[in-house]
Structures are given as structure tokens and as C-alpha cells.
Amino acid sequence: MSLPNNIGLFKFDFTDRHAILGVPINADFKEIRQRYLKIARRLHPDSNATKNAAEKQQANELLSKLVNPAYEKFTSERSRSEYMLLIKDIAKRAGQEQNKIQLNYPASQELNKTNNIDHIYRTTLQKLAQTQYEDIEQISETIAQISELNLVYLMRKADKAFPSPQMVATAAPEVQTAQKTPPQEPEQPQQESLVDQYLRRAQKLMEKNNFPQARIELQDALKLEPNNVVCHSLMGIVYLKQNQLTMARVHVNKALQLDPNEPMALRSKQVLDEVAPQAPGKTTGSSDPGKQEDKPKGGLFGGLFGGKKK
1 MSLPNNIGLF
11 KFDFTDRHAI
21 LGVPINADFK
31 EIRQRYLKIA
41 RRLHPDSNAT
51 KNAAEKQQAN
61 ELLSKLVNPA
71 YEKFTSERSR
81 SEYMLLIKDI
91 AKRAGQEQNK
101 IQLNYPASQE
111 LNKTNNIDHI
121 YRTTLQKLAQ
131 TQYEDIEQIS
141 ETIAQISELN
151 LVYLMRKADK
161 AFPSPQMVAT
171 AAPEVQTAQK
181 TPPQEPEQPQ
191 QESLVDQYLR
201 RAQKLMEKNN
211 FPQARIELQD
221 ALKLEPNNVV
231 CHSLMGIVYL
241 KQNQLTMARV
251 HVNKALQLDP
261 NEPMALRSKQ
271 VLDEVAPQAP
281 GKTTGSSDPG
291 KQEDKPKGGL
301 FGGLFGGKKK
């Protein structure tokens, strides 16, 4: 699928990632992430049993080649800041050239005339976004319409079109946890599934001891594949590292239920049995909290991530 090349922000030799994701220019990271998850579930090969093999392949390619790269631009604070600076520059250029810019869609023309620009912009964009990825043949056209709305909004609002410092601040903690991963990932195989991408990001975060953000990635993966053995194994390690032994045991036991020979789960179980042996009729949650704080820091616990599994 080809992107529009002479409409909206694309006419400035720029990839409008807001339009690809169907979010407003002034969306904060939380809104962007929620929208990405919604699209990812929509395009996931298992989301619609009526799709044939060709449609599933096409949806997977859209996800890996179009949606994921657009979302990755926002997950790093540095890359997101650079991207927004480019948009601000385009806003200035568009403001200077607005008398020369021809609008192709009635919705953009209406937005250019209205006095209630913020409300009309949001409601029109949201309406387009609702069906943006339902018909693969219409995706490029919808992206073009949204990008032209973005262009008009930038022309009309100028500097006021961008998120306020307060909006950026509320998103900053979540963005900062993600920025520890390299802003530009090596190109992944085309057939890498959405769940594999969650697992890859989670493992990188775990290697950097960013366990809260890793847990979010794994939780999103489990929403798509509740019986993914590797995901349950990694979740067990995350909870172990955070001293939440009861939850760690839940996920380790689930992983071993799915695959009794899963290496990470077996190592995690060994650590759990040493740190908090589970007596009959007694859960790990009733063990001494003080001992939980001291013991997991060395020995086998420190080596849990010695062998990676993709």
C-alpha cells in the first residue's frame, strides 16, 4: 500500500505518523498508545476468523511496515521531540503558503472555515479513525483525509496546535521508560508477529532493569495470546525481580502447565522454591516479607536472565 504523496502534510516530503495512527496532532502519549493497541488488535491475524490467508498476510504487513514504525517514533522521548520539531517547522511553512494550498476534501474545507476549529477537528478526525483500518483498500485514502485535516489545523492554530507543557509532563514518565531502548531498532523479519514484538521490547526493558514498563508490554502480549508460554515465563521473572512472589508463582506455574520443559520457567521455579518454599496449604504470599526483600538479589535470581529465549 502506498501512502499519499501530495496531500496534507505528505506534500511537504514528510511522513504524517499522526495520520497513520489516526490521532490528533496534539495527542499525548497515553492517547497515542491506546490508539496503537486498538489498531494492533484490529490487524492481528487472529482478530477475524473470516479473513482468508491473503488478507491476513496483508494485515500483518500493514502492522509491521506501516503502523509499528509510526508508533515507534513516539515511544522514545528524543525521537518524538525531533518529530514534533519537524511538524512545527511545517506549520510555519504552511502558514506562509496557506493561500496557495489547495484542499481536496470537503471535511478539510469545512474545518478551514469554521470558528469552532478544535471541536470540529477532533470530532471529524475521530469519525474517520473509527473505520480507518476496517477496509484495507480505503486505508490510504483515509490517511490522506486525516493528514489534510492535520494540515488545516496547523495552518489555523499555528503554535497553539501543539500539546501544552502539562500534557507533555503527564506523558513523560511513560515515555522516559521506553526511551532506554534504541530509538531505531534493526529491521525485524517481515513475519515477526505482534506478540513477538511485545516480547522483544519487554526483554530489552528487562535487560535494563525497567521491569514496570516490561510488565506493561507483557500484559499487552497476553491480551492477544493468553497461553503464550514464553510470555508467562517472562512475566514470572518480572514479578520475581519486583519481589511479588505470589504473582511470580502464578505465571511460572502457568508456563509450566503449558510446557513442563520451558527453561526460563524451570529456573524461575527453582528460585521461587529456594526463596519462598511453598508448604502444603500455604501460598507464597504468606511468607515473611523481610526475607523476601533480602534473598532474591543474588545467586540463581541474578542469573535468571542469563539465557535469552525469543
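So the sequence shown is numbered by the UniProt record's numbering: it starts at 1 and just counts up by one.
Don't be surprised by glycine CBs; every beta carbon is placed ideally from N, CA and C.
A quick note: this is a predicted structure, and the numbers were derived from the prediction, not measured.
Item, Value
"Euclidean distance between Cα positions of residue 220 and residue 234", "13 Å"
"Residue 105, enclosing alpha helix (DSSP H) - first and last residue", "That residue, residue 105, is in no alpha helix (DSSP H); it is neither H nor E in DSSP."
"Whether residue 16 touches residue 22 by CB criterion (8 Å)", "no"
"Spatially closest choice to residue 319 from 257, 209 and 136, by CA coordinates", "Because the chain spans 1 through 310 in this model, residue 319 falls outside it and cannot be assessed."
"Burial state of residue 119 (16 or more Cβ within 10 Å)", "exposed"
"Boundaries (first-last residue) of the alpha helix (DSSP H) holding residue 90", "77–97"
"Per-residue DSSP class, three states only, for residue 23", "coil"
"Distance between residue 110 and residue 124 (C-alpha atoms, nearest Å)", "10 Å"
"CA-to-CA distance, residue 238 to residue 206, given in whole angstroms", "8 Å"
"Best match in 229, 25, 56 and 252 for proximity to residue 135 [C-alpha to C-alpha]", "56"
"Run of the alpha helix (DSSP H) containing residue 152, from where it starts to where it stops", "139–157"
"Buried versus exposed, by CB contacts within 10 Å (16 or more), residue 85", "exposed"
"Neighbourhood of residue 254 by C-beta, 6 Å cutoff - its chain only, sequence neighbours within 5 removed", "232"
"The stretch 63–75 / the stretch 31–45 touching (three or more Cβ pairs under 8 Å)", "yes"
"Cβ shell of residue 5 (< 8 Å), same chain only, five flanking positions each side left out", "11"
"The alpha helix (DSSP H) enclosing residue 32, as first and last residue numbers", "29–43"
"Own chain partners of residue 13 with C-beta closer than 7 Å, once the 5 adjacent residues on each side are dropped", "none"
"Identity of the residue in 250, 24, 236 and 264 nearest residue 129 by Cα", "24"
"Whole-Å CB distance - residue 108 paired with residue 152, under 8 Å assumed", "5 Å"
"Residue 229 beta carbon less than 8 Å from that of residue 258", "yes"
"C-alpha distance - residue 146 paired with residue 248, whole-angstrom precision", "44 Å"
"Pick from 269, 262 and 263 that is closest to residue 246, judged by C-alpha positions", "269"
"Residue 137 burial status per 10 Å Cβ neighbour count (16 or more: buried)", "exposed"
"Beta-carbon spacing of residue 19, residue 139 below 8 Å", "no"
"Three-state secondary structure assigned by DSSP to residue 64", "helix"
"Sub-8 Å separation of residue 154 and residue 90 beta-carbons", "yes"
"Per-residue burial, residue 28 [other beta carbons within 10 Å of its own, 16 or more giving buried]", "buried"
"Residue 272, DSSP secondary structure in three states", "helix"
"Reference residue 104; option with closest CA among 45, 148, 92 and 36", "148"
"Range of the contiguous alpha helix (DSSP H) that encloses residue 198", "194–207"
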